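>
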Amino acid sequence: MNKRAMTMAGALLLGGLLLAGCSDAPSVAPSSASPTPTPTPTKTAVTTQDEAIAAANEVALEFFRIWDEVTLSEDPTDVSPLEEVARDAALDTVQNIQNSDAEAGITITKGGTKWSLLDGQSFASESTFAGEKVPFGAVTLFGCADYSDTVGEDAAGEEVPPLGPWKDQLTLAYWPDEERWYVTGFDTLQDESDECAG
Numbered sequence: 001m002n003k004r005a006m007t008m009a010g011a012l013l014l015g016g017l018l019l020a021g022c023s024d025a026p027s028v029a030p031s032s033a034s035p036t037p038t039p040t041p042t043k044t045a046v047t048t049q050d051e052a053i054a055a056a057n058e059v060a061l062e063f064f065r066i067w068d069e070v071t072l073s074e075d076p077t078d079v080s081p082l083e084e085v086a087r088d089a090a091l092d093t094v095q096n097i098q099n100s101d102a103e104a105g106i107t108i109t110k111g112g113t114k115w116s117l118l119d120g121q122s123f124a125s126e127s128t129f130a131g132e133k134v135p136f137g138a139v140t141l142f143g144c145a146d147y148s149d150t151v152g153e154d155a156a157g158e159e160v161p162p163l164g165p166w167k168d169q170l171t172l173a174y175w176p177d178e179e180r181w182y183v184t185g186f187d188t189l190q191d192e193s194d195e196c197a198g
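Each residue of the sequence shown is one higher than the one before, counting from 1 in UniProt numbering.
#1: Can you tell which of 139, 189 and 158 has its C-alpha closest to the C-alpha of residue 105?
#2: State yes or no: is the C-beta of residue 102 within less than 7 Å of the C-beta of residue 52?
#3: Write down the C-beta distance between residue 181 and residue 143 rounded to the nearest angstrom, noting that I regard them as a contact closer than 8 Å.
#4: How far does the alpha helix (DSSP H) with residue 95 in it reach, from first residue to last?
#5: Could you give the DSSP three-state label for residue 73: helix, strand or coil?
#6: What's the gap between the Cα of residue 69 and the Cα of residue 59?
#7: Please report the distance separating the alpha-carbon of residue 196 from that of residue 150.
#8: Measuring only the C-alpha atoms, how far is residue 178 from residue 120?
#9: Would you give the residue range spanned by the beta strand (DSSP E) that residue 161 belongs to?
#10: Would you say the stretch 75-82 touches the stretch 91-102, given that touching needs at least three Cβ pairs under 8 Å?
#11: List the residues that DSSP assigns as beta-bridge partners of residue 180.
#12: Taking C-beta to C-beta, are residue 168 and residue 188 nearer than 7 Å?
#13: At what residues does the beta strand (DSSP E) containing residue 85 begin and finish?
#14: Could you tell me whether the Cβ atoms of residue 172 and residue 56 are closer together than 7 Å?
#15: Going by the DSSP bridge assignment, what does residue 128 pair with across the sheet?
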């Protein structure tokens with residue numbers, strides 16, 4: 001699913017996720033990113049599909065880690081720390097989720113997301129950046145996001161139990177000029193699969 005914030009808001013936020021699409025690899029130079037205390041892993045080019053998936057998954061793990069930090073921060077609607085690892089539709093989706101939770105009075109008090117890839121489903125393909133082809137420069141990851149450790153409360157102060165785990169699809173693109181990967185699309189597929197249940 002999406003972030004813990006998403007899980008807590010449940011149906012309210014679910015609609016927003018299902019509407020979010022996955023973007024293609026970049027075709028123009030990206031805007032500058034805000035720095036984050038923790039460096040982003042895997043900034044090197046890859047030569048095989050397996051390398052691309054592994055590199056992209058490192059960034060996906062960092063994406064969820066930073067999202068957790070944002071959700072637990074004093075201002076969970078400030079998603080700027082995620083600009084270090086996310087762009088385009090992915091960043092927009094997170095912003096919409098955080099805004100929806102805030103408007104609904106949902107507060108996450110503790111917990112973290114556990115992300116794991118589903119075997120044999122992720123893949124890499126060629127992308128285009130500034131008119132140049134990038135072998136294995138676009139990756140689509142399929143995995144499970146587990147929010148079972150997440151604790152939150154609603155506007156009335158009632159505990160909101162964690163939902164999921166859910167199947168998520170993340171798309172990532174490689175920026176050759178920065179030599180790094182970014183999450184560019186994020187979507188939840190929990191209504192389409194029970195692969196992550198139990």
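We put the CB at the ideal spot given by N, CA and C, even for glycine. Keep in mind it's a predicted model, so treat the numbers as computed, not measured.
Judging by the given coordinates:
#1: 158
#2: no
#3: Wrong, their Cβ atoms sit about 15 Å apart, outside the cutoff.
#4: 88-104
#5: coil
#6: 15 Å
#7: 17 Å
#8: 29 Å
#9: No beta strand (DSSP E) contains residue 161, which DSSP labels as neither H nor E.
#10: yes
#11: 175
#12: yes
#13: Residue 85 -> no beta strand (DSSP E), and no H or E assigned at all.
#14: yes
#15: 133
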